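Structure record follows, encoded as structure tokens.
Structure (structure tokens):
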């Protein structure tokens, strides 16, 4: 385990960035055996709207850089909440304001990532993806 990450129950602490990530995808619950249940399949409109932001409270959608760091941490670990071939939402805007960047988890480049921004969702392509949440932690 890299020094900047530690786990406590359903959370993964990133001491370098001062962030706390959910260890399970949105819709799943943490158990002693890992993530249980089915991850929610969400559109851009599902997550980037005022009602959802109110429900999430202090939690938010991570940026490409934030999600990339936690994906790299989990690469190759059995307890990873990330599934190969699944797309994950980020809060990073795509080029020319055409929506938000998605990240694809897969066995490439030794850290389980494809190039950030290779998969895009925009107002014409209401793609579906799942979500890992993040919130500010204590430094």
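In our numbering, the protein residues as written are 2 to 140. Heads up, the beta-carbon is just placed ideally off N, CA and C, and yes, glycines get one too. All of these numbers come straight from a predicted model, not from anything done at the bench.
Leaving out five residues on either side along the sequence, give the residues of the same chain with a beta carbon under 8 Å from the beta carbon of residue i.
i, result
"residue 18", "5, 67 and 70"
Who are residue i's beta bridge partners in DSSP?
i, result
"residue 36", "31"
"residue 24", "Paired residues: none, contrary to the question."
"residue 131", "89"
Return the chain-ordered list of same chain residues with a C-beta closer than 6 Å to the C-beta of residue i, the five sequence neighbours on each side being excluded.
i, result
"residue 30", "37 and 38"
"residue 79", "none"
"residue 16", "5"
Looking only at C-alpha atoms, which of the options sits nearest to residue i?
i, options, result
"residue 42", "49, 32 and 27", "27"
"residue 46", "40, 137, 130 and 87", "130"
"residue 103", "138, 137, 44 and 12", "44"
"residue 88", "59, 60, 74 and 133", "133"
Would you call the segment 55 to 67 in contact with the segment 86 to 95, where contact means no fewer than 3 C-beta pairs closer than 8 Å? With a cut-off of 8 Å, the segment 86 to 95 and the segment 55 to 67 count as touching, because enough Cβ pairs lie within range.
Could you give the uninterrupted runs of the alpha helix (DSSP H) lying entirely in the segment 50 to 100, keeping only those of 4 residues or more? List check, alpha helix (DSSP H) in window: 51 to 57 and 65 to 75.
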